[in-house]
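>
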Amino acid sequence: MSALLEYSSFKSPIAKCLVLGACLAAVAYRLAHRRTLLVDIPGPPSPSWVTGHFKNLFGFDAIPFYEYLVSNYGPTVKIKAPFGADTIWTIDPAAMHSVLVKDRVNFDRSKGGVLLLRAVMGPGLIALRGEEHRIHRKILNPVFVMKYLRELVRAIDIHMPVFVNVAESACDAIEKEIGSEDTFKDVDIFPWMTAAALELVGEAGLGYSFESFERKRNEYSVAARDIIQYFIKVAPFGVLLPFIPNIGTPSFRYWLVQHTPIPGVRQLLEARDIQNSQAEEILRARQELLASGHDLRSEAGRGRDILTLLMKANETEGSENRISHEEMIGHMNIFIFAGHETTSTAMSRMLSVLASSKRIQDKLREEVQKYFTEHADDTHHDALLELPYLDAVVRETLRLHAPVTRLARVSQTDTVIPLKYPINTPNGKLTSIPVKRGTHIMVNVTMANRYQEVWGEQANEFIPERWIGNKLEEVTGPGAHLPGVYSSMMTFGGGPAACM
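For the record, in the sequence shown the residue sitting at position 131 is 664 according to the numbering used here, with numbers rising by one throughout.
1) By Cβ distance, which residues of its chain are closer than 6 angstroms to Arg942, with the 5 residues on each side in sequence left out?
2) Can you check whether the CB of Lys644 is closer than 9 angstroms to the CB of Arg662?
3) Since Ile807 sits in a beta bridge, which residues does DSSP pair it with?
4) Go ahead and label Ala925 buried or exposed: buried means 16 or more other beta carbons lie within 10 angstroms of its beta carbon, across all protein chains shown.
5) Under the three-state reduction of DSSP, which class applies to Met1022: helix, strand or coil?
6) Quick one: what's got a C-beta closer than 6 angstroms to Ala1013's C-beta in the same chain, skipping five residues either side?
7) Count the other CB atoms, across all protein chains shown, that sit within 10 Å of the CB of Arg882; report buried if there are 16 or more and exposed otherwise.
8) Between which two residues does the alpha helix (DSSP H) carrying Thr875 extend?
9) Specify the secondary structure class of Trp582 as computed by DSSP and reduced to three states.
10) Can you find the residues in the same chain that come closer than 7 angstroms, C-beta to C-beta, to Asn959, ignoring five residues on each side of it along the sequence?
11) Use the C-beta contact count for Pro608: other C-beta atoms within 10 angstroms, 16 or more gives buried, fewer gives exposed.
12) Measure from the alpha carbon of Glu813 to the alpha carbon of each residue in Val734, Leu570, Gly863, then state which is nearest.
13) Please find out if some non-hydrogen atom of the ligand ZN comes closer than 8 angstroms to the beta-carbon of Thr878.
14) Would you report the Cα separation of Phe717 and Ser857, rounded to the nearest angstrom?
15) Would you please state the rounded distance, in angstroms, between the beta carbons of Met1022 and Leu931? I believe it to be under 8 angstroms.
16) What number of angstroms, rounded off, separates the C-alpha of Leu823 from the C-alpha of Gly872?
17) Let me make sure I understand the geometry here. Which of Asn977, Ile760, Pro997 has the alpha-carbon closest to that of Met629?
18) Would you report the Cα separation of Asn866 and Ile659, rounded to the nearest angstrom?
19) Going by Cα to Cα distance, which pick from Lys903, Val901, Glu994, His908 is closest to His934?
20) Rounded to the nearest angstrom, how far is the Cβ of Tyr753 from that of Gln808, given a contact under 8 angstroms?
21) Based on DSSP bridge pairs, tell me the residues matched to His973.
22) Mind checking His692: buried by the 16 CB within 10 Å criterion, or exposed?
23) Along the chain, where does the alpha helix (DSSP H) that runs through Asn957 open and close?
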């Protein structure tokens, strides 16, 4: 318990006492409902009863730890969550298919994690569970189908699609930072990819320009970065969240959160306020334009952006399926945050790979330059999606460098998780794992995309050619298909809760 208080930063004695009380209640609850596995699965010893393997899983040395788990214990391992609770860590294809797809009704995200997301993002899609999530997913699905997304590229700009326009702005900004042509300089590419991704999401998704390349410091981008940093700091205390709604009055709970000694909470709330303010501004501007009958073809997004389509669809829905103002803000927050953060991460990784491999860079440049030479007079660039080497580089980047590294679920009932790869235990070989209600399961996306039993001996190497001229079932090993929604990889998850 002292470790938790040492992890605190604020000095309010009352707040510290209240947090201490909440921690004691949480620990007592955990001890009374401690999650222990019904079978003995091998796994590493816990470095800390308080934090478990949290630092190993989410620290800078996470990938070496993942590799250590697989090489020493196999694709399914027992690890420790905070306060000594057992968690199943897996990259087994059969287990992932059961948890995310086939038996998905038996598994859901943790209550504490969803409450944390909802407190920061609002009631958007990833902050919803169960039937509520299913209903909102059904409402949002039509504006995310590939047919619409392909049309979106054409509709943005008759002469230059927004994607190319933003790419040119990013290149200009990077060239300006480098200076003269004779100068060699290291450039931190991530801020520029963040600006580009934010502008893409804004214009194509919301019909709004963040003017990302016009400002030296984009307030929303800074807030999004802060949310990630402070999420990591607050995450170990997620176990306390289910208890918060039962403490006192709403005003007292608000005071408690404002004065909590847990580091990062106040900064997280400040970043949330910036995010909400930006979403409110975007929504208000779009509502005013729609109400005035203004011709949206002159605006960013040309009236074919996702927000406008969603608002129009919302007007025709029955009252039971209509999205409320609060829910709309929540969906916008998550769409902006998740869309630009994951995109900027993937793009930064891709450029880093290209910078370190002249062969791949030259081959890709040749293909893209040839395309633009042959399609110089085209008014849209839909055929870019069909370039084989560009497609292969994108797929290989997303396989090796997935922006989202894990998918967490909690069993909602007593059930059994099947295994493709049996586990050797002191008591014999396990071909399935019986679990109790409340058992936590962590699907590791990073290692699922790198597991040699699935991807072959060169699983850890960046080889775009593996995707060219091969069917999906030929890219992975025989019978080793993963349950992901994209290219047999787990980057975008699997099942109804996968990325849109």
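Beta carbons: idealized from backbone N, C-alpha and C, even for Gly.
According to the data block:
1) Non-local beta-carbon contacts of Arg942 in its own chain, meaning distances under 6 angstroms to residues more than five positions away in sequence, involve Val632, Phe640, Ile974 in chain order.
2) yes
3) Beta-bridge pairing links Ile807 to no other residue.
4) buried
5) Strand at Met1022.
6) Answer for Ala1013: Val987, listed in chain order.
7) buried
8) 858–889
9) coil
10) Just to set this straight, residue 959 is Pro in the shown sequence, not Asn. These residues qualify, in order along the chain: Asp573.
11) buried
12) Gly863
13) By its list of ligands, the structure shown contains no ligand whatsoever, and the ligand ZN lies outside what it can speak to.
14) 52 angstroms
15) 7 angstroms
16) 24 angstroms
17) Asn977
18) Cα-Cα distance, rounded: 11 angstroms.
19) Glu994
20) 7 angstroms
21) Paired residues: Thr620, Val943.
22) Summary for His692: the model assigns pLDDT 38, below 50, so the residue's position carries little reliability; its value from the coordinates is reported in the next sentence. Exposed.
23) Per DSSP, Asn957 belongs to no alpha helix (DSSP H); it is in the beta strand (DSSP E), 948–958.
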